[in-house]
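Below: the structure, in structure tokens.
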Ligand code: SAH
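Residue numbers (our numbering): 31 to 429.
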């Protein structure tokens with residue numbers, strides 16, 4: 031696929047980099063598009079909501095954050111109610127989820143001391159979104175971090191909703207000559223050969239555009255793939271996210287050393303899969319991945335088996351993944367929706383029913399989105415997860 035000629039700042043920077051270094055990996059392309067300091071998609075804009083490019087569960091309904099608040103309160107209680115605990119959210123967006131969670135936590139008479147124990151830490155790379163989070167969480171003491179390396183010691187809860195799907199992935203393709211890495215390069219397409227966006231190219235000039243290419247085959251790629259996919263048929267594409275795996279490992283190591291639990295919610299695979307899922311979304315519609323970099327969100331399905339494998343290398347237990355629909359129903363979304371409807375206007379009643387459906391229905395977010403929990407040794411199976419779901423560490427869960 032070849033993208034049309036572009037002249038956006040993000041395109042210019044990526045094109046320069048390719049001219050200097052040669053073709054870049056899909057992971058480098060994603061990082062350039064999403065989080066490069068000046069023009070990254072998340073760095074300057076605010077992509078969420080009906081007027082933005084996509085909508086996330088906490089932006090659909092307060093019920094999402096409220097039920098997650100209950101889950102953490104229950105887990106805290108099962109830990110013996112520590113007097114202080116870090117509550118770390120990764121990629122908090124507008125801060126809506128944390129704000130709903132904290133409001134619920136202040137209203138739980140059954141778990142005295144819970145809300146007072148919470149020390150809020152947000153891992154956020156975008157200055158624009160940090161500002162939004164500050165507004166949403168005014169009145170709460172909050173510490174921001176670039177990554178997990180600066181987190182304080184002590185028992186910790188981690189929460190990540192639609193964070194892992196934004197982390198860069200590499201793509202590997204089974205070509206006739208063997209496993210190759212998919213790369214992004216520049217093609218110099220003569221103007222007029224295809225429609226262009228019209229800027230700065232007199233007729234006859236070459237109009238550069240981005241396109242995919244393949245690296246030479248390499249035996250070393252096989253070691254990066256789950257064993258069950260190494261013999262995949264020609265044309266298969268396998269995605270791996272080294273950054274996602276390293277986040278999962280760091281979270282699990284922190285939990286093992288300090289105690290606590292993590293809740294990871296995202297759309298993703300539950301078995302290793304040889305299909306590409308990288309997608310661009312703009313104004314709630316799919317967009318070509320290499321076109322107008324920076325103007326659309328880029329994300330990929332989360333590889334849950336890879337996260338579990340990395341987490342269990344640290345001495346951590348994993349639970350699930352279960353579907354978001356099952357998770358929210360087990361925590362009582364039906365009852366909560368009913369309560370809210372009782373006090374709502376006619377319009378609110380319709381909204382609440384629509385939101386409940388959107389979050390839980392099989393053809394909406396209920397099945398595609400999965401929930402994975404990680405717990406430190408000694409904690410019981412957390413609420414909403416089937417009792418036999420805990421994996422012991424060191425089991426080969428990758429295939
Ligand atoms: N959790 C929010 C937002 C999800 S969008 C919600 O459910 O609404 C992804 C979030 O992760 C954004 O806040 C984005 O700025 C942040 N993010 C993306 N890549 C990141 C990275 N590499 N490090 C830290 N934060 C990142």
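Ideal Cβ positions, reconstructed from N, Cα and C, are used throughout, including at glycine.
Any non-hydrogen atom of the ligand SAH closer than 7 Å to residue i Cβ
i, result
"residue 95", "no"
"residue 274", "no"
"residue 297", "no"
"residue 213", "no"
"residue 451", "As shown, the chain starts at 31 and ends at 429. That puts residue 451 outside it, with no answer to give."
"residue 63", "no"
"residue 72", "yes"
"residue 157", "no"
"residue 197", "yes"
"residue 193", "yes"
"residue 358", "no"
"residue 324", "no"
"residue 153", "yes"
"residue 89", "yes"
"residue 144", "no"
"residue 121", "yes"
"residue 78", "yes"
"residue 86", "yes"
Per DSSP, the bridge partner or partners of residue i
i, result
"residue 316", "311"
"residue 346", "406"
"residue 190", "120 and 294"
"residue 399", "297"
"residue 243", "213"
"residue 78", "84"
"residue 333", "299"
"residue 415", "Beta-bridge pairing links residue 415 to no other residue."
"residue 174", "152"
"residue 183", "Looking at the DSSP assignment, residue 183 forms no beta bridge with any residue, so it has no partner."
"residue 328", "310"
"residue 204", "209"
"residue 55", "213"
"residue 352", "401"
Cα-Cα separation, residue i to residue j
i, j, result
"residue 170", "residue 150", "8 Å"
"residue 148", "residue 116", "6 Å"
"residue 40", "residue 417", "48 Å"
"residue 101", "residue 206", "49 Å"
"residue 82", "residue 326", "10 Å"
"residue 125", "residue 162", "7 Å"
"residue 136", "residue 114", "15 Å"
"residue 262", "residue 199", "19 Å"
"residue 324", "residue 67", "12 Å"
"residue 371", "residue 364", "11 Å"
"residue 75", "residue 59", "18 Å"
"residue 268", "residue 174", "34 Å"
"residue 299", "residue 331", "7 Å"
"residue 158", "residue 211", "34 Å"
"residue 349", "residue 403", "5 Å"
"residue 194", "residue 95", "18 Å"
"residue 180", "residue 250", "33 Å"
"residue 121", "residue 138", "26 Å"
"residue 347", "residue 337", "12 Å"
"residue 217", "residue 55", "16 Å"
"residue 414", "residue 49", "51 Å"
"residue 293", "residue 272", "20 Å"
"residue 31", "residue 320", "Note on residue 31: pLDDT 48, under 50, position unreliable in the model; the coordinate value appears next. Their Cα atoms are separated by approximately 8 Å."
"residue 229", "residue 38", "The predicted model places residue 229 with a pLDDT of 39, which falls under 50 and marks its position as unreliable, so this point remains unresolved."
"residue 312", "residue 329", "12 Å"
"residue 429", "residue 279", "18 Å"
"residue 335", "residue 373", "42 Å"
"residue 400", "residue 104", "20 Å"
"residue 129", "residue 123", "11 Å"
"residue 398", "residue 351", "11 Å"
"residue 7", "residue 186", "Outside the modelled stretch of the chain, which goes from 31 to 429, sits residue 7, for which no answer is possible."
"residue 172", "residue 247", "48 Å"
Any non-hydrogen atom of the ligand MG closer than 7 Å to residue i Cβ
i, result
"residue 126", "Questions concerning the ligand MG fall outside what the structure shown contains, since the ligands it does hold are the ligand SAH."
Interface flag, residue i vs chain B, CB-CB below 8 Å
i, result
"residue 349", "Protein chain content of the structure displayed is limited to a single chain, and chain B is not contained in it."
Exercise. Given 8 Å as the limit, is there contact between the stretch 405-416 and the stretch 103-116, that is, 3 or more CB pairs closer than that?
Worked result: At 8 Å Cβ cutoff, the stretches touch.
Exercise. Would you say the stretch 374-394 touches the stretch 269-288, given that touching needs at least three Cβ pairs under 8 Å?
Worked result: No: the two stretches stay apart, fewer than three of their Cβ pairs being nearer than 8 Å.
Exercise. Can at least three beta-carbon pairs, one atom from the stretch 334-348 and one from the stretch 356-370, be found at a separation below 8 Å?
Worked result: Not touching, per the Cβ criterion.
Exercise. When the Cβ atoms of the stretch 139-146 are set against those of the stretch 79-98, are three or more pairs found closer than 8 Å?
Worked result: Contact between the stretch 139-146 and the stretch 79-98 is absent, because fewer than three Cβ pairs lie under 8 Å.
Exercise. Is the stretch 366-378 in contact with the stretch 311-321, if contact means three or more CB pairs nearer than 8 Å?
Worked result: No: fewer than three Cβ pairs fall under 8 Å.
Exercise. Any chance the stretch 184-197 sits against the stretch 237-254, with 3 or more Cβ pairs inside 8 Å?
Worked result: By the Cβ test, the stretch 184-197 is not in contact with the stretch 237-254, since fewer than three Cβ pairs between them sit closer than 8 Å.
Exercise. Enumerated in chain order, which unbroken segments of the alpha helix (DSSP H) with a length of 4 residues or greater are wholly contained in the stretch 361-390?
Worked result: Fully enclosed alpha helix (DSSP H) runs of 4 or longer: 363-372 and 376-390.
For this session: May I have a chain-ordered list of the beta strand (DSSP E) segments no shorter than 3 residues that lie completely inside the stretch 254-278?
Result: Listed in chain order, the complete beta strand (DSSP E) runs (minimum 3 residues) inside the stretch 254-278 are 267-270.
Problem set entry | Sequence ranges, beta strand (DSSP E) only - wholly within the stretch 99-146, length at least 3 | Whole beta strand (DSSP E) segments, 3+ residues: 115-120.
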